[in-house]
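Peer 1: For what it's worth, our numbering labels the leading residue of the sequence shown as 101, then goes sequentially.
Each residue gets a CB set at the ideal place from its N, CA and C atoms; glycine is no exception.
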Amino acid sequence: MIYGRRVHVETEFHAVRQVPKTGVIFVTTEAVKAGFSPQDPDWCNLGQGQPDTGEIAGAPPRVREVPVLVDDQEYAPVAGLMELRIAIADLYNRLYRKDKSSKYTWENVCVSGGGRASLTRAAASLGSINLGHFLPDYTAYEELLDIFKAFTPIPILLEGERGYSFTPDDLRREIEGRGLSALLLSNPCNPTGKLVAGAELDAWVAAARDLDCLILLDEFYSHYIYRGRPGQLPVESAARYVDDVDKDPIVVFDGLTKNWRYPGWRVTWALGPKAIMESFASAGSFLDGGGSKPLQRAAIPLLSEEHVVAETIAIQNCFREKRDYLLSKLERLGVRFDRIPDGTFYVWGDVSQLPAPLNTGMGLFRAALEKKVIVVPGDFFDVNPGKRRDRRLSRFRKHVRFSFGPALETLEKAVLRLEELVAAHS
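#1: Report the partner residues of Val209 according to the DSSP bridge assignment.
#2: So what's Ala282 in DSSP terms, helix, strand or just coil?
#3: In this structure, how does DSSP classify Arg117 when only helix, strand and coil are distinguished?
#4: Do Phe248 and Ala224 have their C-beta atoms closer together than 8 Å?
#5: From Asn193, Arg489 and Phe502, pick the residue whose C-alpha is nearest to that of Gly461; which is it?
#6: Measuring CA to CA, which of Phe126, Gly449, Lys422 and Ala398 is closest to Val166?
#7: When burial is assigned at 16 or more other CB atoms within 10 Å of the CB, is Gln139 buried or exposed?
#8: Assuming Pro531 contacts Phe353 (C-beta within less than 8 Å), just tell me the rounded distance between them.
#9: I need the DSSP call for Pro255, collapsed to helix, strand or coil.
#10: Run the CB neighbour count on Val342, radius 10 Å, all protein chains shown included, and call it buried at 16 or more, exposed below.
#11: Please find out if some non-hydrogen atom of the ligand MN comes closer than 7 Å to the beta-carbon of Pro253.
#12: Do the stretch 221-235 and the stretch 354-369 touch if we need at least three Cβ pairs shorter than 8 Å?
#13: Count the other CB atoms within 10 Å of the CB of Tyr175; is the residue buried (16 or more) or exposed (fewer)?
#14: Tell me the rounded alpha-carbon separation between Leu403 and Asp388.
#15: With 8 Å set as the bound, which would you pick, yes or no: does the beta-carbon of Asp490 sit closer than that to a beta-carbon of chain C?
#16: Looking only at its own chain, which residues have a Cβ that is under 6 Å from the Cβ of Arg106, when we skip the five neighbours before and after it?
#17: Label Leu280 either buried or exposed according to how many other C-beta atoms from any shown protein chain fall within 10 Å of its C-beta, with 16 as the threshold for buried.
#18: Using only the alpha-carbon positions, how far apart do Ala189 and Asp172 sit?
#19: Just checking my contact of Tyr321 with Asn290 at CB under 8 Å: how many whole Å lie between their CB atoms?
#20: Please work out which residues of its chain come closer than 6 Å, Cβ to Cβ, to Gly463, disregarding the five sequence neighbours upstream and downstream, and give them in chain order.
#21: Just to confirm the assignment, what range does the alpha helix (DSSP H) spanning Ser225 have?
#22: Using 8 Å for Cβ pairs, my map puts Phe481 next to Asp246. What's the rounded Cβ distance?
#23: Would you kindly work out how many angstroms separate the C-alpha atoms of Ile440 and Val163, rounded to a whole number?
#24: Rounded to whole angstroms, how far is the Cβ of Lys498 from the Cβ of Val451, which I believe are closer than 8 Å?
Shown next, in the form of structure tokens:
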């Protein structure tokens with residue numbers, strides 16, 4: 101273990117480097133050592149990065165069977181099934197581009213076998229550039245930004261005192277001042293829940309267009325939004341603000357993982373200019389070879405507007421209730437919040453006011469394991485490619501990400517145990 105932050109794969113083979121675990125994998129591995137099993141209902145996994153995948157009120161019935169056709173025994177195209185790519189492009193045009201003359205087509209879509217595969221294809225396609233990324237942000241970005249050496253990752257610190265806001269003027273200043281040719285971010289942000297939307301997101305897209313900066317937007321939580329505009333489905337995407345789908349330097353990533361609540365299917369996509377999608381597909385031809393053919397085919401009906409509207413509204417109702425419940429209970433315990441999450445299914449909490457040793461992310465994580473509760477320490481989200489900064493000085497070492505992805509009953513059980521834990525150390 102290195103500073104309780106990373107556990108490396110131990111190996112005696114000099115040819116194999118020690119590969120660090122991401123935050124969720126680290127906490128799950130440590131929980132397994134303490135007896136955790138996903139099948140054990142006594143454990144409360146508030147560290148999980150997936151939503152409740154069961155039936156929820158108002159949602160379409162869950163898919164229980166996937167047919168396998170004769171030609172599904174063959175490889176799928178690296179860029180994905182044509183029928184699925186058409187369905188994805190049509191969905192974005194219906195949701196976001198009804199009033200736009202420039203429309204997405206199947207050539208603007210590249211399907212992958214998972215979100216990390218999509219992002220890895222993107223990283224492999226970048227040239228010798230400066231790529232900006234935010235702190236805090238998704239933990240898996242760290243190795244992704246380190247393993248490919250063509251580009252230089254440039255960290256951009258977001259301030260909790262400002263609610264992690266980053267204005268269009270801030271964006272233009274960073275792009276010009278740091279010579280950024282690309283920017284990677286999650287929107288809504290994992291872990292803070294900060295959402296860039298509406299006129300602000302429109303201005304971001306305009307800045308990318310004006311300054312020729314490729315913006316790579318991880319929109320995997322774009323249906324988990326808890327503020328909406330009257331008369332509009334509560335979803336958001338940069339695709340809404342693109343002028344020309346083949347010229348504007350905007351690429352969005354999404355998939356069935358979160359917004360459709362099918363993480364095990366590993367069906368995801370990138371959407372952007374045709375030329376960029378061609379590069380992503382070329383990268384996929386040597387990186388991963390493409391995704392599952394039968395699951396891609398089974399995904400097509402899930403992209404109908406009727407299905408998406410019903411699933412999204414159900415998600416909003418279910419997860420907003422869980423968010424509000426967890427926020428209120430954690431606040432009573434003494435956890436503080438830099439902002440109320442606009443989206444995702446995470447609460448980003450400052451635990452510095454809790455009694456020791458619960459007043460650090462790692463301290464609370466270790467103690468909560470004894471109560472069969474899993475959380476993720478905040479310093480995992482201090483994305484640090486190449487380990488250039490001293491991890492002991494992380495600004496997020498007193499933060500914790502709490503997931504309200506599990507069912508409400510699990511959250512209620514976890515809160516009771518955390519209350520007992522705080523009381524025992526007070």
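Peer 2: In terms of the structure at hand:
#1: The residue labelled residue 209 in the question sits at position 109 within the sequence shown. Paired residues: Leu371.
#2: Counting from 1 along the sequence shown, the entry for residue 282 is found at position 182. Note: Ala282 maps to strand in three-state DSSP.
#3: For the purposes of this step, residue 117 is identified with residue 17 of the sequence shown, where counting begins at 1. The answer is coil: DSSP assigns Arg117 none of H, G, I, E or B.
#4: What you label residue 248 is simply residue 148 of the sequence shown in a count that begins at 1. What you label residue 224 is simply residue 124 of the sequence shown in a count that begins at 1. The Cβ atoms of Phe248 and Ala224 lie closer than 8 Å to each other.
#5: The residue given as residue 461 occupies position 361 in the sequence shown. Nearest C-alpha to Gly461: Phe502.
#6: Looking up residue 166 in the sequence shown gives position 66. It is Ala398.
#7: The residue given as residue 139 occupies position 39 in the sequence shown. Counting Cβ neighbours within 10 Å, Gln139 comes out exposed, since fewer than 16 surround it.
#8: What is shown of the chain runs 101 to 526, which leaves residue 531 out entirely.
#9: Within the sequence shown, residue 255 is the residue found at index 155, counting from 1. In this structure, Pro255 counts as strand in the three-state DSSP scheme.
#10: The sequence position of residue 342 within the sequence shown is 242, counting from 1. With 16 or more other Cβ atoms within 10 Å, it is buried.
#11: For the ligand MN, the structure offers nothing, since it holds no ligand at all.
#12: no
#13: If you number the sequence shown from 1, residue 175 lands on position 75. So Tyr175 ends up on the exposed side.
#14: Working through the sequence shown from its first residue, we reach residue 403 at position 303. Working through the sequence shown from its first residue, we reach residue 388 at position 288. When rounded, the distance between both Cα atoms is 24 Å.
#15: Note that chain C does not occur in the displayed structure, where there is just one protein chain.
#16: As a first step, residue 106 is located in the sequence shown; it is residue number 6 there, counting from the start. Reliability of the predicted coordinates at Arg106 is poor, the pLDDT of 43 falling under 50, and no value is obtained from them.
#17: Position 180 of the sequence shown, counting from 1, holds the residue named residue 280. The residue is buried, with at least 16 neighbouring Cβ atoms inside 10 Å.
#18: Taking the first residue of the sequence shown as position 1, residue 189 is located at position 89. Taking the first residue of the sequence shown as position 1, residue 172 is located at position 72. Computed Cα separation, rounded: 22 Å.
#19: For the purposes of this step, residue 321 is taken as the residue at position 221 of the sequence shown. For the purposes of this step, residue 290 is taken as the residue at position 190 of the sequence shown. About 7 Å separates the two Cβ atoms, so the contact holds.
#20: Counting from one through the sequence shown, the residue named residue 463 turns up at place 363. Answer for Gly463: Pro457, listed in chain order.
#21: Here residue 225 refers to the residue found at position 125 when the sequence shown is read from its first residue. It spans Gly215 to Ser225 - the alpha helix (DSSP H) in which Ser225 sits, taken as one unbroken run.
#22: The count along the sequence shown starts at 1 and reaches residue 481 at position 381. The count along the sequence shown starts at 1 and reaches residue 246 at position 146. With a Cβ gap of about 15 Å, Phe481 and Asp246 do not count as contacting.
#23: Position 340 of the sequence shown, counted from the first residue, corresponds to residue 440. Position 63 of the sequence shown, counted from the first residue, corresponds to residue 163. Between Ile440 and Val163, the C-alpha separation is close to 33 Å.
#24: Position 398 of the sequence shown, counted from the first residue, corresponds to residue 498. Position 351 of the sequence shown, counted from the first residue, corresponds to residue 451. With a Cβ gap of about 6 Å, Lys498 and Val451 count as contacting.
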